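Below is one structure, written out as structure tokens, with a few remarks after it.
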Amino acid sequence: MPERYDDEPTRQLPAYLDPRRPPEDTDAYEQAEQASYRDSVYGARGYRDQGYDDRRYSPAGDEPRYGYDDRRYGAPPPPRRPAPRPGQGGPPPAPRRKKKRRPGRIIAWFLTLLLLAVVAFAVYLDLNLNREDVLADYEGRPGDTPGTTWLLVGSDSRDDLSEEERNDLATGYAEGKRTDTIMLLHIPDSDAPPTLVSLPRDTLSDVPGNGQQKLNAAFSLGGGQLLVQTVEGLTGLRIDRYAEIGFGGFAGVVDAIGGVDMCLDEPMQDPKAGLDLPAGCQTLNGAQALGYVRTRASAMADLDRVQRQREFLGALLSKATSAGTLINPFKSVPLALKSTGSLIVDDGAHLWHLASMGLAMASGDLVTTTVPIAGTPEVSGLGSVVQWNDELAAQMFGAIAEDKAVPAELLSG
Numbered sequence: 125m126p127e128r129y130d131d132e133p134t135r136q137l138p139a140y141l142d143p144r145r146p147p148e149d150t151d152a153y154e155q156a157e158q159a160s161y162r163d164s165v166y167g168a169r170g171y172r173d174q175g176y177d178d179r180r181y182s183p184a185g186d187e188p189r190y191g192y193d194d195r196r197y198g199a200p201p202p203p204r205r206p207a208p209r210p211g212q213g214g215p216p217p218a219p220r221r222k223k224k225r226r227p228g229r230i231i232a233w234f235l236t237l238l239l240l241a242v243v244a245f246a247v248y249l250d251l252n253l254n255r256e257d258v259l260a261d262y263e264g265r266p267g268d269t270p271g272t273t274w275l276l277v278g279s280d281s282r283d284d285l286s287e288e289e290r291n292d293l294a295t296g297y298a299e300g301k302r303t304d305t306i307m308l309l310h311i312p313d314s315d316a317p318p319t320l321v322s323l324p325r326d327t328l329s330d331v332p333g334n335g336q337q338k339l340n341a342a343f344s345l346g347g348g349q350l351l352v353q354t355v356e357g358l359t360g361l362r363i364d365r366y367a368e369i370g371f372g373g374f375a376g377v378v379d380a381i382g383g384v385d386m387c388l389d390e391p392m393q394d395p396k397a398g399l400d401l402p403a404g405c406q407t408l409n410g411a412q413a414l415g416y417v418r419t420r421a422s423a424m425a426d427l428d429r430v431q432r433q434r435e436f437l438g439a440l441l442s443k444a445t446s447a448g449t450l451i452n453p454f455k456s457v458p459l460a461l462k463s464t465g466s467l468i469v470d471d472g473a474h475l476w477h478l479a480s481m482g483l484a485m486a487s488g489d490l491v492t493t494t495v496p497i498a499g500t501p502e503v504s505g506l507g508s509v510v511q512w513n514d515e516l517a518a519q520m521f522g523a524i525a526e527d528k529a530v531p532a533e534l535l536s537g
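Plus 124 on top of the position in the sequence shown (first one is 1) and you've got our numbering.
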């Protein structure tokens, strides 16, 4: 039996809890109750007689709360109440804090997705372009010159037109393709203005391998590649970029932007071109626009036509690059799809090259002119042709080759 330490100094307990203190003269019921409690907790010989050292089981540094160590004498700790389950009483669980949505983050995600969509659409449009190898090198080709020189071609190709479209556009049923429009656009690297020069399709030309022909014959005989070589021989300029569009593509582009506004000084009728327009300002749809730029029913025939073509092309590009078109997806998206799907470009051209070309032509300082003309003589086997003024034409193209502005005295309607 463990030794008792009754002589160990202890703290004073309340009288009714001290087993060694004789009961006082209290009520008999209270005395019996206290005795019963002591016997049940401590036993007849007390807590320490059971062989326990309560200090061994007390947490270190646990000081008594009431001036004495109640655990030392066997006072049981208060029972621990289990935490109530949700829905079984007790306070409800604290609600989870909702994450605040930050407007800045939402806007950033939206802009990122928008940028990705724009980039993906631009890549698609670039892949949608039709490319041909038309800028092949050959012996005696002109050297590279400053700036960028485009050869712009409008062909009478009907290959992609249905019978109904041919009737609506009054294109006829001729096979193959010929040029209706031939222009040079020079975009300078210097501060000179961009220059657009019309080359009449009836120009008397030396077509490599085919002798003297009208300029548009080069396109019929050898396509874009032979036309490029012929124009480079006529002008002495190196062609850097090439773009071609057919009848159907031209009319589709006009319709995609809702038509083009033009003002006519007098009525125009040409049954062959399906043209019947009153005088005054009006909006031309695709079919009307095609007839307007094709007709030669005027006194100067081809020379009048090239002037109308430049005027219409300027109005078309001005509307196509306007804010009202670019920010309107119902116009800009069909325009982009139709134009890239209808264009034939050289195999090195990309969408950004076309954008640069369009901006140059839509700029307010664009200079438009026709190559200087000497006359329109008759040539055996060819009929009426357009003959250039070789001296003035050389001055014009010499200025362009040097990336300079064309002298004003060389400019014509």
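Backbone N, C-alpha and C define an ideal beta-carbon position, used for all residues, glycine too.
Keep in mind it's a predicted model, so treat the numbers as computed, not measured.
TODO: Flag residue 530 as yes when its Cβ comes closer than 8 Å to any non-hydrogen atom of the ligand MG, and as no otherwise.
DONE: Here there are no bound small molecules, and the ligand MG is not part of this structure.
Open item on the list: Considering Cα atoms alone, identify which of 249, 321, 262 and 351 is closest to residue 529.
Closed with: The option with the nearest alpha carbon to residue 529 is 321.
Open item on the list: Using 9 Å as the threshold, is the C-beta distance between residue 399 and residue 415 below it?
Closed with: With a cutoff of 9 Å on beta-carbon distance, residue 399 and residue 415 are scored as near each other.
Open item on the list: So, with DSSP's three-state summary, where would you put residue 334?
Closed with: If DSSP states are grouped into helix, strand and coil, residue 334 belongs with coil.
- [ ] Flag this pair as yes or no: are the beta carbons of residue 304 and residue 418 separated by less than 9 Å?
- [x] The Cβ-Cβ distance between residue 304 and residue 418 falls below 9 Å.
Task: C-beta atoms of residue 467 and residue 373 nearer than 9 Å - done: The answer is yes: Cβ separation under 9 Å.
Open item on the list: Does residue 393 pass the burial test, meaning 16 or more other C-beta atoms within 10 Å, or should it be called exposed?
Closed with: Taking all protein chains in view, the Cβ of residue 393 is surrounded by fewer than 16 other Cβ atoms within 10 Å, so the residue is classified as exposed.
TODO: Spatial neighbours of residue 272 within its chain, please: CB distance less than 7 Å, with the 5 preceding and 5 following residues excluded, ordered by chain position.
DONE: Take residue 272, set aside five residues on each side of it, and the residues of its chain with a beta-carbon closer than 7 Å to its own are 311, 364 and 365, in chain order.
- [ ] Please classify residue 280: is it buried, with 16 or more other beta-carbons within 10 angstroms of its beta-carbon, or exposed?
- [x] By the neighbour-count rule (16 or more Cβ atoms within 10 Å), residue 280 is buried.
Task: Local Cβ density within 10 Å of residue 542, reported as buried at 16 or more and exposed below that - done: In the structure displayed, the chain extends from 125 to 537; residue 542 sits before or after that span and is not available.
Task: Alpha-carbon spacing of residue 492 relative to residue 259, whole angstroms - done: Cα-Cα distance, rounded: 25 Å.
- [ ] Would you mind sorting residue 494 into buried or exposed? The rule is 16 or more other CB atoms within 10 Å of its CB.
- [x] By the neighbour-count criterion, in which 16 or more other beta carbons inside 10 Å mark a residue as buried, residue 494 falls on the buried side.
Task: Limits of the beta strand (DSSP E) - the one that residue 522 falls within - done: Per DSSP, residue 522 lies in no beta strand (DSSP E); the unbroken alpha helix (DSSP H) holding it starts and ends at 514–525.
TODO: Give the DSSP-derived three-state secondary structure of residue 378 in the structure shown.
DONE: Helix.
Task: Three-state class that DSSP yields for residue 507 in the structure shown - done: The answer is strand: DSSP assigns residue 507 an E or B state.
TODO: Can you give me the start and stop residues for the beta strand (DSSP E) that residue 490 sits inside?
DONE: DSSP places residue 490 in no beta strand (DSSP E); its state is neither H nor E.
TODO: State buried or exposed for residue 496, treating a residue as buried only when at least 16 other CB atoms are found within 10 Å of its CB.
DONE: Residue 496 is buried by the Cβ-count criterion.
Open item on the list: If you reduce the DSSP assignment to three classes, tell me which class residue 262 lands in.
Closed with: Assigned with DSSP and collapsed to three states, residue 262 falls in coil, not helix or strand.
- [ ] With DSSP as the reference, label residue 390 as helix, strand or coil.
- [x] Residue state, collapsed to three classes: coil.
Open item on the list: Give me the DSSP bridge partner(s) of residue 307.
Closed with: DSSP lists 276 and 322 as partners of residue 307.
Task: Alpha-carbon to alpha-carbon, residue 534 and residue 520 - done: One C-alpha to the other measures close to 7 Å.
Task: residue 268 versus 447, 527 and 435, residue with shortest Cα-Cα distance - done: Proximity to residue 268 across 447, 527 and 435 peaks at 527, based on C-alpha coordinates.
Task: Neighbourhood of residue 391 by C-beta distance below 7 Å, restricted to the same chain and skipping five residues each side - done: The answer, listed in chain order, is 401, 402 and 403.
Task: Reference residue 480, options 456, 445 and 511, closest by Cα - done: Considering only alpha carbons, the answer is 445.
Open item on the list: Please classify residue 575 as buried or exposed, where buried requires at least 16 neighbouring CB atoms within 10 angstroms.
Closed with: Here the chain comprises residues numbered 125 to 537, so residue 575 is not present and cannot be evaluated.
- [ ] Return the bridge partner residues of residue 89 from the DSSP annotation.
- [x] The structure shown does not extend to residue 89, since the chain is modelled only from 125 to 537, so the question has no answer here.
- [ ] Check whether the Cβ atoms of residue 539 and residue 350 sit closer than 9 Å, and answer yes or no.
- [x] Since the first and last residues shown for the chain are 125 and 537, residue 539 lies out of range.
Task: Reduced DSSP secondary structure (H/G/I, E/B, other) of residue 327 - done: Of the three classes helix, strand and coil, the one that applies to residue 327 here is strand, per DSSP.
- [ ] Drop a sphere of 10 angstroms on the beta-carbon of residue 236, count the other beta-carbons inside from all chains shown, and report buried for 16 or more, exposed for fewer.
- [x] Exposed, since its Cβ has fewer than 16 Cβ neighbours within 10 Å.
TODO: Determine the contact status of residue 386 and residue 436, defining contact as a CB-CB distance below 9 Å.
DONE: In this structure, residue 436 lies closer than 9 Å to residue 386 by Cβ.
Task: Interface flag, residue 448 vs chain B, CB-CB below 9 Å - done: This model lacks chain B altogether; it includes just one protein chain.
Task: Per-residue DSSP class, three states only, for residue 529 - done: If DSSP states are grouped into helix, strand and coil, residue 529 belongs with coil.
- [ ] Please name the residue in 230, 256, 338 and 331 whose C-alpha comes closest to that of residue 538.
- [x] This structure does not reach residue 538, given that the chain is present from 125 up to 537, and the question cannot be answered.
Open item on the list: What does the alpha-carbon distance come out to for the pair residue 477 and residue 375?
Closed with: Inter-residue distance for residue 477 and residue 375 is about 22 Å (C-alpha atoms, whole angstroms).
TODO: Quick one: grab the DSSP three-state call for residue 257.
DONE: Coil.
TODO: With a 10 Å radius around its C-beta and 16 neighbouring C-beta atoms as the bar for buried, classify residue 369 as buried or exposed.
DONE: So residue 369 counts as buried.
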